[in-house]
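A.B. asks: Protein chains in written order, with the working numbering: chain L, 343 to 614; chain B, 34 to 248; chain P, 1335 to 1615.
All C-beta atoms in this analysis are idealised placements derived from N, C-alpha and C, irrespective of residue type, glycine included.
One structure follows; several queries about it will come next.
Listed below in structure tokens is the structure:
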């Protein structure tokens, strides 16, 4: 088989961008770890609401509810979204252990999507409870609902209605099937926190419409970064912002030069 | 002990980095022997792991529902029995006749299909009830969302919109072609950049929350 | 008068069962007694129709059917209409389901719903073939594009691929004139754009549920056409002059959404009137 490099495959621009992002990430992260680069991440109301919700659950002696998304698996393009939701689950579990709140974690998803997540979710819960000094108290926390999306949504709704949680957290890649749990949360009087950044079929409008707090688009990935409180991760978020500024500048300049009859930016970006 | 912990942290990171770099290399330089031969193997391994995860989830489901039956949880235990009967029937059918068998097709067509359609259809009814409860124009953003919703429904989805006012169609198409297009593009770029950077940080070992090891 | 006492509070606390029952009645009424609301055909549906129409007989179409059973009512008619159009032009059809195990069932449901006068001329193995369900996500799709014979050894009925005349000279993306992706969910659309649109630069047509057309993808050339759910299917039926399930259901869709818009308006009026009364009281 002949070797075909990216410049012959029409992937020049994306390859250059990927290489630059790699180099920039390494550079800025090392600067951040040395303390030479500091950044500020704005507040996310939904992030603050998580601890508030868990505190409320402890006071009311009602459980905290969390569910994996019905769209994400570790084998598709939503794997980064799933990893971010796992970071959230770890944080929420640690808080539940700290405050002594009961926890319900539901797993499931479309086309068997929940199947590959189940061991990870169980391991995260086990580790969080072990680290919090409550090993072995994880019996009955993780529940596998169904591997079909609609059945999963209905199962989540049923679980919320039966278990009457005080906080419902659906911070994961969901599709339409986030509507039943979000609606059920409202009916049982639970605080609902939703988050997602699916670019294929965005549910952002659903999170905004049906949840009390939400994290959408970049806020979702920023949430993952906030959980670690590490300068390196915060530097990563800053890199994302700088990249977007560069893209905005390229778009504006490209448009301007195109109007002046000089399409070189457009041609370069069209190469991949 | 320190060496064990070191290995437990470094080895997974190394595996992540090597696998990730090979796949990225294969994407950008196709035909390179080291990546073009290893990437199909990695894909097969991923499929095999996923294939093992499926029976594990079925087993977990069966165990959970057996516990419900044993405890005779009020209002649920008989549904659990029915569920286990269906799982057993499907498994039997799948192992004996395979997915092309008549009973398998009939079970899907006459049992699963109506149930799935009903549950999917009910999403619309939940959205309806929830809209009435929460879609109030408390803020300018909420009002914008409500107006956009009206426009999409009357201009794109429901033909009755164009009877009420013929201008809804062209107006909705204008928003679709320019406003929503811009929003979609921005959204794609924004979340894609964030996802790429998360992937880069994961490959380089800066994000390790998925494999935390206590020191 | 407290905020919770007045008529507006009672309206806001309306039992959701009443809302649901009215919705169900409004959906059922046009199904029993059709209203026949006129439908304006959108340019994107014309685009798909004209693209398919521009190809001659014996055009090879590669289809990935990912329509699930739950959304068959919404997406099935669109797939049936496009299949009807393609079979009326004697296209060669190679189909598989890469992303949903319900794909085989929905494919045959749709195939059997295509008018018999068109499918009677189709001989299995020569004019069309269905390969079945194959899992694996992105790697499966790339394999399907690079070499179908590496991915499948047998078709849905267990016939070796080498014994199927249609697939003798057909095996990779260069052999497919049109690629059709039918889905009832938003999963994997990005993957399809990347693989079929960007990497292999095929003529990808998308049949999906979202009402908002992905114009950015069409302008970028990643997809060549988009049929949007039930509304798109109804428009397609109008273009083909073959009224079917989609046109029949669209009246019910209209009634449901009018009710939805109505109660959102009522909810907002009640919300603001209640606030005003509370302030005045």
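Looking at chain L, which residues of the stretch 1504–1532 of chain P have a Cβ within less than 8 Å of any of its Cβ atoms?
C.D. replies: 1519, 1520, 1521, 1522, 1523, 1524 and 1525
A.B. asks: Do residue 576 of chain L and residue 381 of chain L have their C-beta atoms within less than 8 Å of each other?
C.D. replies: Mapped onto the first chain, residue 576 of chain L falls at position 234. Mapped onto the first chain, residue 381 of chain L falls at position 39. In this structure, residue 381 of chain L lies closer than 8 Å to residue 576 of chain L by Cβ.
A.B. asks: For residue 123 of chain B, would you say it is in contact with chain L, using Cβ-to-Cβ distances shorter than 8 Å as the test?
C.D. replies: For the purposes of this step, residue 123 of chain B is taken as the residue at position 90 of the second chain. With 8 Å as the cut-off, residue 123 of chain B does not count as an interface residue toward chain L.
A.B. asks: Kindly indicate the opening and closing residues of the alpha helix (DSSP H) around residue 96 of chain B.
C.D. replies: Position 63 of the second chain holds residue 96 of chain B. Counted as a single uninterrupted DSSP element, the alpha helix (DSSP H) harbouring residue 96 of chain B occupies residues 66–104.
A.B. asks: Report the three-state DSSP secondary structure of residue 489 of chain L (helix, strand or coil).
C.D. replies: As a working mapping, residue 489 of chain L is identified with position 147 in the first chain. Correct three-state label for residue 489 of chain L: coil.
A.B. asks: To be precise: take each residue of the stretch 1466–1490 of chain P, compare its Cβ to all Cβ atoms of chain L, and keep it if any distance is under 8 Å. Which residues remain?
C.D. replies: 1471 and 1472
A.B. asks: Helix or strand or just coil, what does DSSP make of residue 448 of chain L?
C.D. replies: Working through the first chain from its first residue, we reach residue 448 of chain L at position 106. Collapsing the DSSP output to three states places residue 448 of chain L in a strand.
A.B. asks: Using CA atoms only, rank isn't needed, just tell me which of P/1361, P/1395, P/1545 and P/1448 is closest to residue 1430 of chain P.
C.D. replies: In the third chain, counting from the first residue as 1, residue 1430 of chain P sits at position 96. Of the candidates P/1361, P/1395, P/1545 and P/1448, the one whose C-alpha sits nearest the C-alpha of residue 1430 of chain P is P/1395.
A.B. asks: Thinking residue 396 of chain L and residue 509 of chain L are a contact (beta carbons under 8 Å), I'd like their distance in whole angstroms, please.
C.D. replies: In the first chain, counting from the first residue as 1, residue 396 of chain L sits at position 54. In the first chain, counting from the first residue as 1, residue 509 of chain L sits at position 167. So it is a contact: roughly 6 Å between Cβ atoms.
A.B. asks: Look at the alpha carbon of residue 528 of chain L and the alpha carbon of residue 556 of chain L, and state the distance between them as a whole number of angstroms.
C.D. replies: Indexing the first chain from 1 puts residue 528 of chain L at position 186. Indexing the first chain from 1 puts residue 556 of chain L at position 214. So the alpha carbons of these two residues sit roughly 14 Å apart.
A.B. asks: Taking C-beta pairs closer than 9 Å, name the residues in chain B that residue 547 of chain L reaches, listed in chain order.
C.D. replies: As a position in the first chain, residue 547 of chain L is number 205, starting the count at 1. The answer, in chain order, is 178, 181 and 182.
A.B. asks: Short of 7 Å Cβ to Cβ, which residues in the stretch 1393–1408 of chain P face chain A?
C.D. replies: The structure shown has no chain A; the protein chains it does contain are L, B and P.
A.B. asks: Is the CB of residue 146 of chain B under 8 Å away from at least one CB in chain L?
C.D. replies: The residue given as residue 146 of chain B occupies position 113 in the second chain. No, residue 146 of chain B does not count as interfacial toward chain L.
A.B. asks: Comparing the C-beta of residue 531 of chain L with each C-beta of chain P, is any distance below 8 Å?
C.D. replies: As a position in the first chain, residue 531 of chain L is number 189, starting the count at 1. Chain P, which has no Cβ nearer than 8 Å to the Cβ of residue 531 of chain L, makes this no.
A.B. asks: According to DSSP, simplified to helix, strand and coil, what is residue 1517 of chain P?
C.D. replies: Looking up residue 1517 of chain P in the third chain gives position 183. In this structure, residue 1517 of chain P counts as strand in the three-state DSSP scheme.
A.B. asks: Buried or exposed for residue 247 of chain B, going by 16 or more other Cβ atoms inside 10 Å?
C.D. replies: Residue numbering aside, residue 247 of chain B sits at position 214 when the second chain is read from its first letter. Annotation note: pLDDT 47 at residue 247 of chain B (below 50); position unreliable, coordinate value reported separately. It is exposed - the Cβ of residue 247 of chain B has fewer than 16 other Cβ atoms within 10 Å.
A.B. asks: Could you check how far apart the C-beta atoms of residue 1475 of chain P and residue 1486 of chain P are, in whole angstroms? I think they sit under 8 Å.
C.D. replies: Residue numbering aside, residue 1475 of chain P sits at position 141 when the third chain is read from its first letter. Residue numbering aside, residue 1486 of chain P sits at position 152 when the third chain is read from its first letter. The pair is not a contact, with the Cβ atoms about 13 Å apart (cut-off 8 Å).
A.B. asks: Within the continuous alpha helix (DSSP H) that includes residue 430 of chain L, where are the two ends?
C.D. replies: Stepping through the first chain from its first residue, residue 430 of chain L is reached at position 88. Its alpha helix (DSSP H) spans residues 421–441.
A.B. asks: Straight-line CA distance for residue 1523 of chain P to residue 1427 of chain P?
C.D. replies: For the purposes of this step, residue 1523 of chain P is taken as residue 189 along the third chain, with counting starting at 1. For the purposes of this step, residue 1427 of chain P is taken as residue 93 along the third chain, with counting starting at 1. If you take the alpha carbons of residue 1523 of chain P and residue 1427 of chain P, they lie about 21 Å apart.
A.B. asks: Does DSSP put residue 1429 of chain P in a helix, a strand or coil?
C.D. replies: In the third chain, residue 1429 of chain P corresponds to position 95, counting from 1. In the structure shown, residue 1429 of chain P sits in a strand (DSSP, three-state: E or B).
A.B. asks: So residue 357 of chain L contacts chain B; which residues on that side make the cut at Cβ distance below 7 Å?
C.D. replies: Taking the first residue of the first chain as position 1, residue 357 of chain L is located at position 15. Those are 61, listed as they occur along chain B.
A.B. asks: Can we say the stretch 1565–1579 of chain P touches the stretch 1342–1352 of chain P, given the rule of at least three CB pairs closer than 8 Å?
C.D. replies: no
A.B. asks: Quick check on residue 1594 of chain P - is its C-beta less than 8 Å from some C-beta in chain B?
C.D. replies: The residue given as residue 1594 of chain P occupies position 260 in the third chain. For residue 1594 of chain P, the answer is yes, since a Cβ of chain B falls inside 8 Å of its Cβ.
A.B. asks: When DSSP labels each residue in this structure, what does residue 1464 of chain P get in the three-state scheme?
C.D. replies: Position 130 of the third chain, counted from the start, is the residue given in the question as residue 1464 of chain P. The answer is strand: DSSP assigns residue 1464 of chain P an E or B state.
A.B. asks: Leaving aside the five residues before and after residue 1595 of chain P along the sequence, list all residues of the same chain whose C-beta is less than 6 Å from its C-beta, in chain order.
C.D. replies: In the third chain, counting from the first residue as 1, residue 1595 of chain P sits at position 261. Correct list: empty, nothing qualifies.
A.B. asks: Are residue 208 of chain B and residue 187 of chain B touching if we call contact CB-CB under 8 Å?
C.D. replies: Along the second chain, read from residue 1 onward, the residue named residue 208 of chain B stands at position 175. Along the second chain, read from residue 1 onward, the residue named residue 187 of chain B stands at position 154. Against a cut-off of 8 Å, the Cβ pair of residue 187 of chain B and residue 208 of chain B comes out as no contact.
A.B. asks: Taking 8 Å as the limit between beta carbons, can you name the residues of its chain near residue 440 of chain L, skipping five residues before and five after?
C.D. replies: For the purposes of this step, residue 440 of chain L is taken as the residue at position 98 of the first chain. Around residue 440 of chain L: 474.
A.B. asks: Answer yes or no: does any C-beta atom of chain B fall closer than 8 Å to that of residue 1584 of chain P?
C.D. replies: Taking the third chain and counting its residues from 1, the one referred to as residue 1584 of chain P is at position 250. It does; some Cβ of chain B falls within 8 Å.
A.B. asks: Taking C-beta to C-beta, are residue 1518 of chain P and residue 1408 of chain P nearer than 8 Å?
C.D. replies: Stepping through the third chain from its first residue, residue 1518 of chain P is reached at position 184. Stepping through the third chain from its first residue, residue 1408 of chain P is reached at position 74. Yes. Within cutoff.
A.B. asks: Run through the DSSP bridge pairs and tell me what residue 1542 of chain P is partnered with.
C.D. replies: The count along the third chain starts at 1 and reaches residue 1542 of chain P at position 208. Answer is P/1562.
A.B. asks: Does the count of Cβ pairs from the stretch 429–439 of chain L and the stretch 100–107 of chain B closer than 8 Å reach three?
C.D. replies: no
A.B. asks: Report all residues from its chain with a CB closer than 6 Å to the CB of residue 374 of chain L; omit the five preceding and five following residues, and keep chain order.
C.D. replies: One-based indexing of the first chain puts residue 374 of chain L at position 32. These residues qualify, in order along the chain: 573, 574 and 577.
A.B. asks: Would you be able to state if there are at least three C-beta pairs under 8 Å between the stretch 1398–1408 of chain P and the stretch 138–150 of chain B?
C.D. replies: Touching, per the Cβ criterion.
A.B. asks: In whole angstroms, what separates the C-alpha of residue 1336 of chain P from that of residue 161 of chain B?
C.D. replies: Here residue 1336 of chain P refers to the residue found at position 2 when the third chain is read from its first residue. Here residue 161 of chain B refers to the residue found at position 128 when the second chain is read from its first residue. Because residue 1336 of chain P sits at a pLDDT of 48, beneath the cut-off of 50, its placement in the model cannot be relied upon, and the point is left open.
A.B. asks: Short check: CB of residue 93 of chain B to CB of residue 462 of chain L, under 8 Å?
C.D. replies: As a position in the second chain, residue 93 of chain B is number 60, starting the count at 1. As a position in the first chain, residue 462 of chain L is number 120, starting the count at 1. It is not a contact, given that the beta carbons lie outside the stated cut-off.
A.B. asks: So is residue 618 of chain L buried or exposed if we call it buried at 16+ other beta carbons inside 10 Å?
C.D. replies: Coverage of chain L is limited to positions 343 through 614, which leaves residue 618 of chain L absent and any answer about it impossible.
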